[in-house]
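Residue numbering for the sequence shown follows the working numbering, beginning at 82 and increasing consecutively.
Note that the Cβ used here is the ideal one computed from N, Cα and C, for glycine as well.
Model, not experiment: these values are computed from the prediction.
Before any comments, here is the structure.
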Amino acid sequence: MQASPEFHKFGRRFIQDIDWIAPTEEEMYDFVLSDLIGKERARLREFIDRALQDDVPDDGLMRLWDSVDSDIYFPTVQNLRGLLRGARDRL
Numbered sequence: 082m083q084a085s086p087e088f089h090k091f092g093r094r095f096i097q098d099i100d101w102i103a104p105t106e107e108e109m110y111d112f113v114l115s116d117l118i119g120k121e122r123a124r125l126r127e128f129i130d131r132a133l134q135d136d137v138p139d140d141g142l143m144r145l146w147d148s149v150d151s152d153i154y155f156p157t158v159q160n161l162r163g164l165l166r167g168a169r170d171r172l
């Protein structure tokens, strides 16, 4: 699975000092999603839905995240899935 343009944009918002900018989970989601507007949000939601489907293997999901220019690393795929579910639910 290749990252969509919206997923790249989303991933780039996860910068090293995000916890200084957005100290709570709600603020973090607000921050990372704030650059996406209109149809971009809908396309990102659809892309995340596809990425979270059961037929996407764990290592495939981790490679997908590694393909975006993010400063944030996830030690487990469960952490990544949780973040993606939270973002999807806010879109």
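When the Cα of residue i is compared with those of the options, which residue comes out closest?
| i | options | result |
| --- | --- | --- |
| residue 97 | 152, 168 and 109 | 152 |
| residue 172 | 163, 146 and 123 | 123 |
Measuring only the C-alpha atoms, how far is residue i from residue j?
| i | j | result |
| --- | --- | --- |
| residue 112 | residue 87 | 15 Å |
| residue 130 | residue 137 | 11 Å |
| residue 94 | residue 135 | 26 Å |
| residue 149 | residue 158 | 15 Å |
| residue 120 | residue 126 | 10 Å |
| residue 116 | residue 92 | 11 Å |
| residue 146 | residue 106 | 19 Å |
| residue 101 | residue 141 | 30 Å |
Given a cut-off of 9 Å, decide if residue j and residue i are closer than it, judged by their beta-carbon atoms.
| i | j | result |
| --- | --- | --- |
| residue 155 | residue 143 | yes |
| residue 110 | residue 163 | no |
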